[in-house]
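Novice:
Number of protein chains: 4
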Amino acid sequence: MLKAAVLGATGMVGQIFVRLLEGHPWFETAVVAASERSRGLKYKEATRWRFPTPIPEKVADLEVVDPTPSAVKDVDIVFSALPAEVAGKIEEDFAKAGYTVLSNASSHRMDPDVPLLNPEVNGGHISLIDEQRRRRKWDGAIVTNPNCSTAIMTLSLKPIYDTFGIKRVIVSTMQALSGAGYPGVASLDIVDNVIPYISKEEEKMQTETLKILGEPSKPADFRVSASCHRVATLDGHMEAVFVEPKNEASPEDVAKAMNNFIGEPQKLKLPTAPAKPIVIKTEEDRPQVRLDRMEGGGMSVTVGRIRKDPALDGIKYIVLGHNTIRGAAGCSILNAEYLKAKKYL
Amino acid sequence: MLKAAVLGATGMVGQIFVRLLEGHPWFETAVVAASERSRGLKYKEATRWRFPTPIPEKVADLEVVDPTPSAVKDVDIVFSALPAEVAGKIEEDFAKAGYTVLSNASSHRMDPDVPLLNPEVNGGHISLIDEQRRRRKWDGAIVTNPNCSTAIMTLSLKPIYDTFGIKRVIVSTMQALSGAGYPGVASLDIVDNVIPYISKEEEKMQTETLKILGEPSKPADFRVSASCHRVATLDGHMEAVFVEPKNEASPEDVAKAMNNFIGEPQKLKLPTAPAKPIVIKTEEDRPQVRLDRMEGGGMSVTVGRIRKDPALDGIKYIVLGHNTIRGAAGCSILNAEYLKAKKYL
Amino acid sequence: MLKAAVLGATGMVGQIFVRLLEGHPWFETAVVAASERSRGLKYKEATRWRFPTPIPEKVADLEVVDPTPSAVKDVDIVFSALPAEVAGKIEEDFAKAGYTVLSNASSHRMDPDVPLLNPEVNGGHISLIDEQRRRRKWDGAIVTNPNCSTAIMTLSLKPIYDTFGIKRVIVSTMQALSGAGYPGVASLDIVDNVIPYISKEEEKMQTETLKILGEPSKPADFRVSASCHRVATLDGHMEAVFVEPKNEASPEDVAKAMNNFIGEPQKLKLPTAPAKPIVIKTEEDRPQVRLDRMEGGGMSVTVGRIRKDPALDGIKYIVLGHNTIRGAAGCSILNAEYLKAKKYL
Amino acid sequence: MLKAAVLGATGMVGQIFVRLLEGHPWFETAVVAASERSRGLKYKEATRWRFPTPIPEKVADLEVVDPTPSAVKDVDIVFSALPAEVAGKIEEDFAKAGYTVLSNASSHRMDPDVPLLNPEVNGGHISLIDEQRRRRKWDGAIVTNPNCSTAIMTLSLKPIYDTFGIKRVIVSTMQALSGAGYPGVASLDIVDNVIPYISKEEEKMQTETLKILGEPSKPADFRVSASCHRVATLDGHMEAVFVEPKNEASPEDVAKAMNNFIGEPQKLKLPTAPAKPIVIKTEEDRPQVRLDRMEGGGMSVTVGRIRKDPALDGIKYIVLGHNTIRGAAGCSILNAEYLKAKKYL
């Protein structure tokens, strides 16, 4: 059993880490760290727990410590749910101190020597860890997972990219409230409303997608345009994706490629890997956010309405994924499992 | 004062007709017609009125009649809010009986001799009325207004089309509940949910757009692809639009073209014409559904976030419009005003 | 394993029956019956399944039959989720044919010889079955469970009634959308709204409560007044309850009585009985609908904010329960288990 | 034209003051004051304006000043929308400096020499101003308006109190999000949820009601119990009210008393006074929050479902009012008008 620290454990994504690690066969939450406001409090006192299931008993009474290598002791692995404003430096400190940091923050995602890992899509990128250690002269490592919307989309794009190639992707998102953290979006701003703006989200989708679908040191060579919108759903990002493939691809071909797709995490039977990374829904009005977001325990994406796109000579479809599981903590944990299976941990 | 009949007056769009015609300087609701279920009832008894403002007093006590030329008498103009399943035949009956029918139904929209009129965009299409009368040998006329999402989008596309030309348009919608009529979408289907499917909506956007932006007898020659989604807003359709123009167009150029745009209804100072058909919002998170849908009394569309599109070498933006006003009854009434100003009524 | 028929299996509550019976240790769904519209279809074709979990495999392909004793064959027990308009007669037909019918419909609830059973509260009322058989000269039986709001409230009132006596109860509800079935409440009626009216709900709360808390043949002797309101939640009825007890009862006394309360189903360790029928929340802002409705698998009610009531010289509190589980199908299944344990089945 | 300062002008209630004062025949917003964070900014820069209508042009460019008598100059009247934490002291400073302060804050509401004024209900309480000046030795005055829920309820109680007397009142509220200010309630806390707790709200309803319905120096002698809940509506507080009157009162009697009720503001034809303070709805499912909250420009309350109460030998009904208009800024402005009509200004 590896002991894990969760940095930023009291926030929305931190809570998901704690929840997903409960009963995990390989990792256990041994240390919870958060900003100094929570220092010295018990986890259950410091956290406005947002879920119907109770705080895992063993974690509830842990004392919250500072997110520094000196305060976080005796752990084997570090999960970071820190806000981007502070994550960059802190995560480096941990890597310098020899820890492997699985980070959900955006700070290091685009660093050329940091894997931006969605493991069914680009497991091979873990080789960047070697380069990172060489360059940065540290024993630890920083491994990031993608922005939530990007994690969901790239999983659906992977079989298209591999089978038909891609020239262009246009995506329009309808993103859930939990993506903004807690308290996040004010209720007065979202009841009977849509907010057509999420800070930096479009830029992330446009850059991270290419890094993930590319070679470890060479981004993919296609074009991506995103328009990102917040709607009044609790969890689950829905995305309308329009793809111009390099080679002709019928909706049936694409459905088949997606349906057959499995990645290395499936082959390795990693504990958090869903049986099918992509689940195809054939009903005309699916996937739906509330009904399908928990597919594969929140680790699968569901795809539906695959149809011809008359503007791009391509295809369009709907993809849905759980933003705080596949799009955040779940992906990070799967990355850790993958690292372990690959002897990087 | 012209006497108007409203067909399908008890439904969602029918109610908007009644509401918008209250106090109209040229038209008054003289007859309300609906399905036989309502026959003989007073309008106020037959209608589950959906608005905070009361039923206009003069209309409240009108007796509901059948939507047939024999039951609807002594009117000068006919507004049709009939459901598409029955509208086609009934509207023809009225045209044969010599009435000019302003129809919100989809039945005749794509008929080559029927104007599909969004008057700031394609006022010139009214010339099709002459052809229609010749071909169909009737004295009346059928004039349709576009599908709600299409009415909103084409208004925003018009200045781009005229100034830069268009090669491709991709659009992803977030549409309001009132677009599905009443009772329409079940509450259990939409709380904490998005439904990524609206029957026939994508096809309508993909065909109607080209008819509207084309010449009276020649559709425009570009490509359109739509993905349509229902979200939990009451009124107001938001659309993320991606445009590949024929000629280079910077966001600033496009904003200027939109901002300067006025149509013939504005020049004619028609009563329902908004001062500005397109209102540009410069805040980074606007337009927003609840805050901006009533711009120009619901007859303007608001546009924001005009920015470069890296996938199409073009631009992308958000457009918002009121689906039951600009996208339905309001557009129909503006069409009637336009016909009158052009001596077709 | 007893074979069960579910009548009204395609509706909202019928679906919950099917879902809750999946994996049940004593009962299995062997027959699904619904109105003739569904006759001959497979269950999965006839049902607009409303849950994230899939239709239980064995039930999905069952052919839907008519809800008549001649069409429903070879079952040991009948669960009825029929609408009240038709339930009365059909349930009698089944009882005449020798079946024990566990009914969620209101038709027979107030019949003097029909148990209205919330088994932790009034298990003893099953003795009415003997009287029912004698009077009605049938071998089967009809056993009903309470209206959803009443099931939830009476569970919370029971320890108060037993410990302190009750003179008056005033209750104001905030009820979930699923209580109205599917499609039920129109989304246009409930977004940004509350509807302060639910047909017959107040009358049910005011009469059923007294039958349940009384002796088998003698209603309890106190006064109840209800005001019922629909809010935009998916599942879970919240109720603000004001109680004037016969004897002095401090909030602490009441909390203790509730916390210590268990019923016969708990003692009998019935499969659907929650460990604690009443779970006390001590946080100042709990129970909350979304966070607490699944307490005890949806079979517990949660109570919070027990405090003095300055108007009634009594106490007031908030109680929350799952309306389609404890308030409908779950209670019905618990009743069946109780009947079996008591050798009535 | 009297020049008005609005203290706390950038917040939710402050914005309503600015909006309601636009075009007011007697008062104009001449100075906007807010916390030092906004100091020196233009009002339009300092404010996250929450309404579809634009910021009134004259106010948009006003510079925000500190809420102190030295910074706020040349005004004739002061409206305070300050948060309770700071309002108490600041309002006293203004009163000392000779200003009449119309306060929406709770700080001074229960001071024995401060009118808690809902002018149709207890206009006579303005006589407390004389006592206040004598006691506090200042030339200005502090006049408060009630807590939002209390303002709405007391208006509906007044004709009952006057006609039949009152022994007990029990009230259960369903309150809108705007009552919590901005950003207020987190969207993640309220989608698909109800929060059964609003800090200090129940205490306010239980004490303020008695002060308002009593004599200037003697609270009314009946008992009030409140249970307060937050639901996902934008504006408009709904309240289920149960009343035990002193003398027998049938629902018809109560409806008649409410319907005939007018107060002094109506007789004085004050600009903000609605024609009818209480509007009776006779439909079985009204009032509804979204449809009825703007009755009388948001200054009327609507009452429906007046019916017998079997628990209290009394009556129960639903009352709805606009929480930021009748329940806050609108009431404050009506108070100012009333003071002016009564020569206190």
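Protein chains in written order, with the working numbering: chain A, 1 to 345; chain B, 1 to 345; chain C, 1 to 345; chain D, 1 to 345. Where a beta carbon is used, it is the ideal one built from N, C-alpha and C, also for glycine.
#1: Taking buried to mean at least 16 other C-beta atoms within 10 Å of its own C-beta, is B/MET1 buried or exposed?
#2: By the 10 Å Cβ neighbour count, where 16 or more other Cβ atoms means buried, how is B/ARG168 classified, buried or exposed?
#3: Cα-Cα, which of C/LYS89, C/ASP66, C/PRO216, C/MET174 is closest to C/ASP130?
#4: Could one say the Cβ of C/LEU312 lies closer than 8 Å to chain D's Cβ atoms, at least one of them?
#5: When DSSP builds the beta bridges, which residues end up paired with A/ASP309?
#6: Considering just the uninterrupted stretch of the alpha helix (DSSP H) at B/ALA46, what are its terminal residues?
#7: Out of curiosity, what's the CA-to-CA distance linking A/GLY123 and A/LEU268?
#8: Just to confirm, is the Cβ distance from B/LYS281 to B/GLY296 under 8 Å?
#9: Can you tell me which of the three DSSP states C/HIS237 falls into?
#10: According to a CB-to-CB cut-off of less than 9 Å, which residues of the region 137-161 of chain B neighbour chain D?
#11: Quick one: give me the first and last residue of the alpha helix (DSSP H) that A/PHE79 is part of.
#12: Determine the DSSP secondary structure at D/GLN175, reduced to helix, strand or coil.
#13: Pick out whichever of A/THR207, A/ALA34, A/ARG133, A/ARG48 has its Cα sitting closest to the Cα of A/PHE79.
#14: Measuring only between beta-carbons, confirm whether C/PRO274 sits less than 8 Å from chain A.
#15: Do you know whose CA, among B/ALA60, B/GLU85, B/ARG37, B/GLY165, lies nearest B/ARG223's CA?
#16: Grab me the residues of D/ASN104's own chain with a C-beta within less than 7 Å of its C-beta, minus the 5 sequence neighbours each way, in chain order.
#17: Suppose only complete runs of 4+ residues qualify. What are the alpha helix (DSSP H) ranges in the region 254-328 of chain D, listed by chain order?
#18: Thinking D/TRP138 and D/LYS96 are a contact (beta carbons under 8 Å), I'd like their distance in whole angstroms, please.
#19: Please classify A/GLU252: does DSSP put it in a helix, a strand, or coil?
#20: Based on DSSP bridge pairs, tell me the residues matched to A/ARG223.
#21: Can you check DSSP and say which residues form a bridge with C/PHE27?
#22: Mind checking if B/ASP192 is an interface residue toward chain A, Cβ cutoff 8 Å exclusive?
#23: Are the C-beta atoms of D/GLY236 and some chain A residue less than 8 Å apart?
#24: Terminal residues of the continuous alpha helix (DSSP H) containing A/SER332?
#25: When you compare each of C/TYR344, C/VAL171, C/LEU41, C/LEU155 to C/VAL243 by their alpha carbons, which one comes out closest?
#26: Got a sec? Which residues, its chain only, sit under 7 Å from B/GLY298 by beta carbon, not counting five neighbours each side?
#27: Over what stretch of residues does the beta strand (DSSP E) that includes A/THR207 continue unbroken?
#28: Could you pull out every residue in the same chain whose Cβ sits closer than 7 Å to the Cβ of D/THR154, ignoring the five residues on either side in sequence?
#29: Taking any Cβ of chain B, which residues in the region 279-299 of chain D have a Cβ under 9 Å from it, in chain order?
#30: Please confirm if C/VAL185 has its CB atom under 8 Å from at least one CB of chain B.
#31: For the alpha helix (DSSP H) that contains C/ILE90, what are its first and last residues?
#32: A/PRO52 versus chain C: which residues are under 9 Å apart at the beta carbon?
#33: Would you say B/ALA232 faces chain C, with C-beta separation under 8 Å as the test?
#34: Let's see if you can read the secondary structure: which residues bound the alpha helix (DSSP H) around A/VAL121?
#35: Spell out whether any CB of chain B is found under 8 Å from the CB atom of C/LEU188.
#36: Quick one: what does DSSP say D/PHE51 is sitting in, helix, strand or coil?
Specialist: Looking at the atomic coordinates:
#1: Within the second sequence, residue 1 of chain B is the residue found at index 1, counting from 1. When all chains shown are included, B/MET1 counts as exposed.
#2: On the second sequence, position 168 is the one that residue 168 of chain B refers to. Flag for B/ARG168 reads buried.
#3: Position 130 of the third sequence, counting from 1, holds the residue named residue 130 of chain C. The option with the nearest alpha carbon to C/ASP130 is C/PRO216.
#4: Residue 312 of chain C sits at position 312 when you count from the first residue of the third sequence. For C/LEU312, the answer is yes, since a Cβ of chain D falls inside 8 Å of its Cβ.
#5: Translated into the one-based positions of the first sequence, residue 309 of chain A becomes position 309. According to DSSP, A/ASP309 bridges with A/GLY314.
#6: Taking the first residue of the second sequence as position 1, residue 46 of chain B is located at position 46. Element bounds for B/ALA46: 43-46.
#7: Looking up residue 123 of chain A in the first sequence gives position 123. Looking up residue 268 of chain A in the first sequence gives position 268. A straight-line Cα-Cα distance of about 12 Å links A/GLY123 and A/LEU268.
#8: Start at 1 with the first residue of the second sequence, and residue 281 of chain B comes out as number 281. Start at 1 with the first residue of the second sequence, and residue 296 of chain B comes out as number 296. Annotated as distal: B/LYS281 and B/GLY296, with beta-carbon spacing of 8 Å or more.
#9: Mapped onto the third sequence, residue 237 of chain C falls at position 237. C/HIS237 carries a strand assignment under DSSP once its states are collapsed to helix, strand and coil.
#10: Residues: none.
#11: The residue you call residue 79 of chain A lines up with position 79 of the first sequence. No alpha helix (DSSP H) contains A/PHE79, which is instead part of the beta strand (DSSP E) from 77-80.
#12: Within the fourth sequence, the letter at position 175 stands for residue 175 of chain D. Correct three-state label for D/GLN175: strand.
#13: If you number the first sequence from 1, residue 79 of chain A lands on position 79. The option with the nearest alpha carbon to A/PHE79 is A/ALA34.
#14: In the third sequence, counting from the first residue as 1, residue 274 of chain C sits at position 274. No, because no Cβ of chain A sits closer than 8 Å to the Cβ of C/PRO274.
#15: For this step, residue 223 of chain B is matched to residue 223 along the second sequence. Taking each of B/ALA60, B/GLU85, B/ARG37, B/GLY165 in turn and checking the Cα distance to B/ARG223, the smallest one comes out for B/GLY165.
#16: For this step, residue 104 of chain D is matched to residue 104 along the fourth sequence. Listed in chain order, the non-local C-beta contacts of D/ASN104 below 7 Å within the same chain comprise VAL13, SER80, ALA81, ASN145, ALA328, ALA329, SER332, local neighbours out to five positions each way being set aside.
#17: The qualifying runs are 264-267, 289-292.
#18: Position 138 of the fourth sequence, counting from 1, holds the residue named residue 138 of chain D. Position 96 of the fourth sequence, counting from 1, holds the residue named residue 96 of chain D. So it is a contact: roughly 5 Å between Cβ atoms.
#19: Taking the first sequence and counting its residues from 1, one reaches residue 252 of chain A at position 252. DSSP, reduced to helix, strand and coil, places A/GLU252 within a helical segment of the structure shown.
#20: Along the first sequence, read from residue 1 onward, the residue named residue 223 of chain A stands at position 223. In DSSP, A/ARG223 forms a bridge with A/ARG168.
#21: Counted from its first residue, the third sequence places residue 27 of chain C at position 27. C/LEU2, per the DSSP bridge assignment.
#22: Counting from one through the second sequence, the residue named residue 192 of chain B turns up at place 192. Yes, B/ASP192 counts as interfacial toward chain A.
#23: The residue you call residue 236 of chain D lines up with position 236 of the fourth sequence. No, no contact with chain A.
#24: Within the first sequence, the letter at position 332 stands for residue 332 of chain A. From DSSP, the alpha helix (DSSP H) with A/SER332 extends over 330-341.
#25: Stepping through the third sequence from its first residue, residue 243 of chain C is reached at position 243. Checked all of C/TYR344, C/VAL171, C/LEU41, C/LEU155; the closest Cα to C/VAL243 is C/VAL171.
#26: Here residue 298 of chain B is taken as the residue at index 298 of the second sequence, counted from 1. HIS322, ILE325, ARG326, GLY330.
#27: Here the question's residue 207 of chain A lines up with position 207 in the first sequence. No beta strand (DSSP E) contains A/THR207, which is instead part of the alpha helix (DSSP H) from 201-213.
#28: Taking the first residue of the fourth sequence as position 1, residue 154 of chain D is located at position 154. Only ASN118, VAL121, PRO146, THR209, ILE212, LEU213 meet the Cβ criterion.
#29: Residues of the region 279-299 of chain D with a Cβ closer than 9 Å to any Cβ of chain B, in chain order: ARG290, LEU291, ASP292, ARG293, MET294, GLU295.
#30: In the third sequence, counting from the first residue as 1, residue 185 of chain C sits at position 185. Yes - at least one Cβ of chain B is within 8 Å of the one on C/VAL185.
#31: Here the question's residue 90 of chain C lines up with position 90 in the third sequence. Its alpha helix (DSSP H) spans residues 84-96.
#32: As a first step, residue 52 of chain A must be located in the first sequence, where it is residue number 52. The contacting residues are ARG290, LEU291, ASP292, ARG293, MET294, GLU295.
#33: Position 232 of the second sequence, counting from 1, holds the residue named residue 232 of chain B. So yes, B/ALA232 belongs to the interface.
#34: Against the first sequence, residue 121 of chain A aligns to sequence position 121. In the DSSP assignment, A/VAL121 falls within the unbroken alpha helix (DSSP H) covering 119-122.
#35: Your numbering for residue 188 of chain C matches position 188 in the third sequence. So yes, C/LEU188 belongs to the interface.
#36: The residue labelled residue 51 of chain D in the question sits at position 51 within the fourth sequence. Here D/PHE51 sits in coil by DSSP.
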